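Participant: Would you mind keeping the following structure in view while I ask a few things?
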Amino acid sequence: MTSYIKATYRRACHLGWAPPPTNDVQRAIWEKIKADKERGPTKPITIPPPNAKK
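Numbered according to the working numbering, the sequence shown spans residues 13 to 66.
Structure representation (structure tokens):
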């Protein structure tokens with residue numbers, strides 16, 4: 013038995029299991045998701061340095 017997951021192409025691209033695009037609409041979605049992933053987070057986590065001993 014195999015499980016079946018119903019999702020949009022945009023969601024599948026975001027999760028990383030979408031097949032390669034076959035038309036212009038899918039190609040546009042693919043490129044947008046790929047560009048968003050390469051850009052990285054908009055507000056990264058900053059780790060403050062430990063306090064110096066006084």
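Glycine included, each C-beta is placed from N, C-alpha and C at the ideal position.
The model shown is predicted, which means the values in this text are computed figures rather than measured ones.
Please report the straight-line C-alpha distance between Pro31 and Asn63, rounded to a whole angstrom.
Facilitator: When rounded, the distance between both Cα atoms is 49 angstroms.
Participant: Going by C-alpha to C-alpha distance, which of Ser15, Cys25, Thr20 and Ala19 sits closest to Ala47?
Facilitator: Minimum Cα distance to Ala47 is reached at Cys25.
Participant: Mapping the DSSP letters down to three states, classify Tyr16 as helix, strand or coil.
Facilitator: Coil.
Participant: Ordered along the chain, which non-local residues of its own chain (more than five positions away) have a Cβ less than 7 angstroms from that of Gln38?
Facilitator: Taken in chain order, the residues that qualify are Tyr21.
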